[in-house]
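Notes follow the structure.
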Amino acid sequence: MIKSMTGFGKSVTQLPSKKITIEIKSLNSKNQDLNARIPSFYREKELELRNLIAQRLERGKIDFSLYVELNGEETSTAINADVVKQYIKQLREVTPDADAVELLKMAIRLPDALKTEKDEIDEAEYKAILKGVEEALQSIDNYRADEGQVLKEDFELRINNISKYLDEVKKLDPERVEGVRERLNKAVADLKTTVDENRFEQELTYYLEKYDITEEKVRLRNHLEYFSKSLNSPDSNGKKLAFISQEMGREINTIGSKSNYAPMQQVVVRMKDELEKIKEQLLNVL
Numbered sequence: 384m385i386k387s388m389t390g391f392g393k394s395v396t397q398l399p400s401k402k403i404t405i406e407i408k409s410l411n412s413k414n415q416d417l418n419a420r421i422p423s424f425y426r427e428k429e430l431e432l433r434n435l436i437a438q439r440l441e442r443g444k445i446d447f448s449l450y451v452e453l454n455g456e457e458t459s460t461a462i463n464a465d466v467v468k469q470y471i472k473q474l475r476e477v478t479p480d481a482d483a484v485e486l487l488k489m490a491i492r493l494p495d496a497l498k499t500e501k502d503e504i505d506e507a508e509y510k511a512i513l514k515g516v517e518e519a520l521q522s523i524d525n526y527r528a529d530e531g532q533v534l535k536e537d538f539e540l541r542i543n544n545i546s547k548y549l550d551e552v553k554k555l556d557p558e559r560v561e562g563v564r565e566r567l568n569k570a571v572a573d574l575k576t577t578v579d580e581n582r583f584e585q586e587l588t589y590y591l592e593k594y595d596i597t598e599e600k601v602r603l604r605n606h607l608e609y610f611s612k613s614l615n616s617p618d619s620n621g622k623k624l625a626f627i628s629q630e631m632g633r634e635i636n637t638i639g640s641k642s643n644y645a646p647m648q649q650v651v652v653r654m655k656d657e658l659e660k661i662k663e664q665l666l667n668v669l
């Protein structure tokens, strides 16, 4: 089962004194690129949270955000009264005519006027955060699976189309070979000279063998079957599917270069078009 790298997950946890919102979104990327936005109060837990998310999501450009909304009954910032009083005293000496309100406004903006009281993270609170992260991860995983199902259906359609075009190539192949034989016979006839029939037949056979596409047809069919089998494997492996698609492209290109027959080349162009659509979508597969 394949999964998309695109997804979004969210969870909201309501605690007695605060509301914690967790959002995780991901986009396609060759490797893993994890960006975390966490309040400074939880920085000591950032590495643990990062490892948890990285292990679960594996690959993609990932944004993890943790928002905290206090309900007003609790705040981690307090006025440093002693410092503010000293500031007001000094300001009064500089501007004796200023009223108390103006002095307070100036003092509160000065360094160390406010102090942040940092307590240890409550264990129950952190467990609630971990639960919220798990919920968001499950949500984004479901999102990725749903997107992956849509991609899978599109891949199956494209693979089926390429398979049909390969059948057309097989039907055209005898016509192509016969056309090449006729062109060579006509070219020799136009020379108006006598040739050794046995030698001519040997040269003709050698020439036709150079343009034989039997092996390419067999290998392409195998690649198509392997791609379909990999789509239904338990794991999502976009890199493996990309490698198989490259091998498919190699065989299709060789068929096109060897065909030397316009109707077959037209079919090859349609095969290439389907394969390009597969490659574009594979960029989104985990």
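First residue of the sequence shown? That's 384 in this note's numbering, and the numbers climb one at a time after it.
Cβ atoms here follow ideal geometry from the backbone N, Cα and C, with glycine treated the same way.
A quick note: this is a predicted structure, and the numbers were derived from the prediction, not measured.
Between the stretch 543-555 and the stretch 649-665, the count of C-beta pairs closer than 8 Å reaches three or more; the two stretches touch. Secondary structure within the stretch 478-560: the beta strand (DSSP E) runs of 3 or more consecutive residues, fully enclosed, are 497-499 (chain order). Approximately 5 Å separates the beta-carbon atoms of LEU555 and MET647; this is inside 8 Å, confirming the contact. Pairing GLN415 with ASN543, the inter-Cα distance amounts to about 32 Å.
Each residue's CA atom was taken as its position, placing ARG492 and ALA483 some 15 Å apart.
When C-alpha distances from PRO422 are compared across LEU410, PHE447, PRO399, ARG439, the shortest belongs to PHE447. When LYS553, LEU520, TYR594 are compared, the shortest CA-CA separation from ILE445 is found for LEU520.
The alpha carbon of LYS488 has as its nearest neighbour, out of LEU567, ILE436, LYS468, the alpha carbon of LYS468.
The C-beta distance from SER642 to ARG566 rounds to 14 Å, too long to fall under 8 Å, and the pair is not in contact. Under DSSP, ARG564 takes part in no beta bridge, so it has no partner.
GLY639 and LYS535 have their C-alpha atoms spaced approximately 27 Å apart. In the structure shown, ARG602 falls within a helical segment according to DSSP collapsed to helix, strand and coil. Short of 7 Å from the beta carbon of TYR425, and not among the five residues preceding or following it, lie these beta carbons of its own chain, in chain order: LEU449, ILE504.
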